[in-house]
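Here the structure comes first, spelled out in structure tokens, and everything after it is commentary.
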Amino acid sequence: MNPFELYQGKTALLEEFPFIASFTYQKIQQITLHSMPVARQEGLRLFGIQEGRFDWKIDDKSYLLYPNDALVVCPWQAMGSTKGHTEIGAFMQLQLLPSQLEGNGHFTLGEWSQLPTSDQRIVGKILGQNNRPVLPRFKRLFPLFETLAQELTEQELGYRTRVRQLVDEILLTVVRAMSKQEHDPRDFPQTFLKLEQSLRNNLEHPWTVEEMAGLVGLGTTAFSEKVKRFSGFSPLNYLINIRISEAMRLLKSTEDSLTDIAFQTGFYSSQHFSSTFKKLTGYTPRDFRKNNP
Amino acid sequence: MTACIICIDINTSAVKAHVYSMEGIALYSQKASYPTFHPQPDWSEQDPEQVFVTTLFVVKNLLNTFVIPQQYAVQAFCFTGSMHSVLPIDAHGVPLGKAIIWADNRGTAQVKALQASGKAAEVYRATGTPIHPMSPLMKIAWLKQFQPTIAAKTDKYISLKEYIIFQLTGQYLVDESIASSTGLFNSYTRSWETEALAFAGIKAHHLSEVASVMYDGLKLKKEYAFSWGVSENTTLILGGSDGCMATLGAGILGKKQVTVTIGASAAVRIVGQKPIEDPQARFFNYILNEEYYVSGGPSNNAGVVFDWFARQMGDFSQGESVEEVLEELFRKAREISIGADGLLFLPYLLGERAPIWNANARGVYLGLHINHQTAHLMRATLEGVLLEIYSIAQMLHQVHTFDSVVLNGSASTHPIITQTLADIFGKTIHPNTDDGVGTGMALLTLTKLGVFNTLSQAVNAVRYEQAYQPNLAHYPQYQQLFTLFEQLTQNLLPAFEQLATFRQA
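Line by line, the protein sequences are chains A and B.
Mapping to the numbering used here: the first sequence position 193 is 193, numbers consecutive.
Mapping to the numbering used here: the second sequence position 199 is 199, numbers consecutive.
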């Protein structure tokens with residue numbers, strides 16, 4: 001494939017796709033000083049290395065990238081070359097502009113995407129964590145990039161649909177790999193602990209099994225089975241267990257109202273809280289508090 | 001309706017509940033787990049409410065899925081818990097933070113302080129608990145020093161098991177077995193030890209009342225009795241610590257036997273009628289009941305070392321699990337002869353407790369040659385871990401001779417482990433894959449209920465799998481290897497200290 005550089009506003013090819021800020025394939029044959037300072041840029045940037053060896057930096061961390069590696073950079077991350085200029089080699093870059101992408105996990109792609117809102121929420125959570133931005137030996141990205149380039153330049157029948165689908169596809173491929181590499185399949189206990197922490201940090205959220213599974217890079221069936229085997233609980237029972245544990249702590253150590261506690265611990269109503277609590281403990285939350293002044 | 005008992009084991013990673021028949025036969029069990037949090041690398045904590053809620057969940061499930069539909073009538077509940085946890089509680093019974101569990105090492109400076117005070121030997125002798133950060137003595141001293149606001153509000157320092165008992169009954173009560181693992185309890189006078197209390201900076205009223213492991217004066221709160229569908233008057237038996245119950249459940253009481261437990265860590269234990277007085281302070285002595293003590297030594301490095309080896313050296317290319325990979329590595333190690341073609345392994349990956357009690361000790365492969373392959377390394381690793389266990393057993397043998405070994409624990413089931421252990425010990429090995437903690441609780445409970453007259457009669461109910469006999473031709477070879485193993489460890493102690501200075505830099 002020949003190098004290309006498509007920038008929104010500079011080429012008519014991107015006009016119909018305002019969610020793509022740029023898409024480039026650069027072959028660098030000589031060094032240009034100060035060509036790649038460490039800086040923040042808008043949108044989500046996905047890099048795929050083709051040739052060479054790049055010493056890049058995200059915030060204060062250095063990463064060595066080799067052919068077939070991919071790199072994910074979020075808008076709150078400052079990224080550039082450690083030396084300040086691009087090294088000799090070749091890489092592709094796709095810069096996407098979701099309508100919302102924040103470090104706290106708030107994420108919406110935009111009208112154009114086929115991803116349902118619930119999936120977008122999980123994608124946002126995974127991007128928000130972006131602790132390990134390098135996906136090593138991630139060859140799957142290149143055929144997708146190549147097809148995207150082809151669709152954009154050749155504009156055959158249905159290309160508008162194909163481009164939108166391909167961007168969804170690229171994003172899902174990358175995000176799935178990110179959540180998988182964050183969670184070593186050989187170390188489910190560690191994965192489970194990370195999940196527990198995510199649930200506790202956001203206990204008021206109405207978690208679904210799908211969301212929990214997505215967060216640790218598993219399908220819902222495998223996830224439920226693993227959780228059950230490892231913990232003895234179904235995922236939802238495990239969640240209820242944490243909700244009740246936290247509610248007990250709040251009932252004992254705070255003066256918060258029962259409605260507040262129900263809300264903070266993720267029950268959808270104080271009736272739901274009360275009946276779930278009583279089913280497990282034999283006490284209503286009110287009586288439990290009375291017995292533990 | 002048929003009578004049954006329910007034994008509840010509140011251990012490090014999960015609550016297990018077992019149903020036993022009145023003959024001591026395991027009928028059914030369920031478990032559910034909870035996590036350990038590490039807010040700092042050396043810390044290990046658990047959420048007391050989560051442990052309690054999990055206990056309720058498991059017991060309720062056990063009753064609803066088995067006991068009630070099968071029309072069993074619960075005669076008694078018995079409880080056991082892990083040793084060495086500490087949870088500060090305020091005057092209203094509210095936990096002041098999370099429980100600090102045995103694996104937590106924050107109390108290292110307190111260990112040094114006690115040793116520097118010259119009182120360590122006396123505290124160890126009186127309490128039977130090794131002077132180590134695992135002990136609640138060190139954890140409470142740490143809380144007093146580094147969390148003065150929490151310490152000031154603390155009415156009681158209790159273990160997780162005591163917390164569960166307190167929730168279920170409204171009473172603070174600790175069994176002698178758990179108490180004797182706190183480092184604060186005098187095993188001879190069976191009361192809180194003044195010298196240890198003074199070091200921790202607390203008074204006896206900061207700890208629970210102490211009672212026998214067979215104490216049955218507790219009463220279940222009516223709300224829980226109602227919710228579980230059992231009578232408020234169902235007998236509650238206080239029970240003991242997991243280590244002591246597992247040893248009772250291994251059936252060695254009153255016999256010339258020793259237990260070897262191989263899980264993530266390992267322990268070698270005997271049951272005796274008095275604590276072992278070891279001037280070098282290498283053993284623990286915990287109270288089993290009024291008559292017996294469980295003594296022994298723990299090793300940090302057992303299953304966790306096999307696991308490490310499998311993860312680092314194994315072939316995961318077909319998506320195998322760690323267990324499958326380890327199985328394959330063990331299979332290859334079987335084809336290698338004793339001594340792994342001149343390769344010896346010291347297994348101190350996590351520092352070591354018994355017998356050397358040295359946190360700076362580290363793993364060593366001695367004798368690597370260019371022809372050595374993964375299988376040789378695996379063979380040496382296996383031998384090294386088992387020789388370390390043998391070194392603990394050797395020390396115990398000097399005070400309590402034994403003719404055979406009962407082997408249990410999650411990492412003990414592979415035949416190569418059992419056979420190698422038999423060959424190293426030169427003694428018969430009786431594998432026991434039953435849940436030892438559950439069996440121990442059942443024997444204790446049934447003795448209290450009068451099914452058995454004494455514990456020494458009760459242990460005859462314990463059953464074993466097919467015994468492994470030692471290959472006596474291999475025994476002298478392992479003896480030779482063991483001499484080298486011990487020498488190497490001794491010779492490397494100064495080197496471990498020097499290496500440690502690099503780690504801290």
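Heads up, the beta-carbon is just placed ideally off N, CA and C, and yes, glycines get one too.
- Scanning the segment 136-191 of chain B for uninterrupted alpha helix (DSSP H) segments of 4 residues or longer gives 136-146, 148-153, 160-169 and 176-179, listed from N- to C-terminal end.
- Around the beta carbon of THR191(A), a 10 Å sphere encloses 16 or more other beta carbons of the protein chains shown; the residue is thus reported as buried.
- Against chain A, the CB of THR149(B) has no partner CB under 8 Å away; the residue lies outside that interface.
- Residue-level contact check: ILE58(A) does not touch chain B, since none of the beta carbons of chain B fall below 8 Å from its beta carbon.
- Residue range 72-81 is occupied by the beta strand (DSSP E) that includes VAL74(B).
- Note on the segment 188-246 of chain A: whole alpha helix (DSSP H) runs with a minimum of 4 residues are 188-201, 209-215 and 220-231, in chain order.
- Taking a Cβ-Cβ threshold of 7 Å, the residues of chain A close to GLU223(B) are GLY282 and TYR283, in chain order.
- Excluding its 5 nearest sequence neighbours in each direction, VAL58(B) has C-beta neighbours in its own chain below 7 Å: VAL15, ALA17, GLN30, LYS31 and ALA32, listed in chain order.
- The continuous beta strand (DSSP E) containing ASP55(A) extends over residues 54-58.
- Taking a contact to require three or more Cβ pairs closer than 8 Å, the segment 180-194 of chain A and the segment 144-162 of chain A do not qualify as touching.
- For the segment 155-188 of chain A, residues whose beta-carbon sits nearer than 7 Å to a beta-carbon of chain B comprise ARG186.
- Contact between THR54(B) and TYR34(B) is confirmed by a C-beta separation of about 5 Å, below the 8 Å threshold.
- The alpha helix (DSSP H) runs of length 4 or more contained entirely in the segment 59-130 of chain A are, from start to end of the chain, 117-129.
- Runs of the beta strand (DSSP E) lying entirely within the segment 209-287 of chain B, each at least 3 residues long, are 209-211, 235-237, 257-262, 266-272 and 284-287 in chain order.
- Residue pairing for GLN8(A): DSSP places it in a beta bridge opposite THR11(A).
- For LYS31(B), the residues of chain A that pass the 7 Å Cβ criterion are GLY232, in the order they occur in the chain.
- Closer than 8 Å to the CB of LEU127(A) there is not a single CB belonging to chain B.
- Shortest Cα-Cα distance from ARG121(A) to any of LYS10(A), GLY232(A), ARG186(A) and GLY105(A) involves GLY105(A).
- Beta-bridge annotation (DSSP): ASN371(B) is not paired with any residue.
- Boundaries around THR24(A) are those of the beta strand (DSSP E), 20-28, since no alpha helix (DSSP H) includes it.
- Residue contact with chain A for GLN115(B): absent (no Cβ-Cβ distance below 8 Å to any residue of chain A).
- The Cβ of ALA14(B) sits closer than 8 Å to at least one Cβ of chain A.
- Taking C-alpha positions only, PHE107(A) is separated from ASN11(B) by approximately 41 Å.
- Closest in C-alpha terms to THR401(B), from the list GLY296(B), ASP423(B) and GLN477(B), comes GLY296(B).
- Counting only Cβ-Cβ distances below 7 Å, GLY93(B) has contacts in chain A at ASN292, in chain order.
- Taking the beta carbon of MET248(A) as reference, the chain B residues within 8 Å of it are GLU49, PHE52 and VAL53, listed in sequence order.
- Contact between the segment 58-71 of chain B and the segment 147-155 of chain B is absent: fewer than 3 CB-CB pairs across the two stretches fall below 8 Å.
- Counting only unbroken stretches of 4 or more residues, the alpha helix (DSSP H) elements lying wholly within the segment 77-117 of chain B are 108-116, in sequence order.
- Measuring C-alpha to C-alpha distances from SER410(B) to each of GLY351(B), ALA473(B) and ASP307(B) identifies ASP307(B) as the nearest.
- Nearest to GLN171(B) by alpha-carbon distance, out of LEU218(B), GLN75(B) and GLU193(B), is LEU218(B).
- Taking every protein chain shown into account, the CB of GLN469(B) has fewer than 16 other CB atoms within 10 angstroms, so this residue is exposed.
- Contacts with chain A at 8 Å (Cβ-Cβ) do not include LYS156(B).
- Contact fails between the segment 234-241 of chain B and the segment 269-281 of chain B, because fewer than three Cβ pairs, one in each stretch, are under 8 Å apart.
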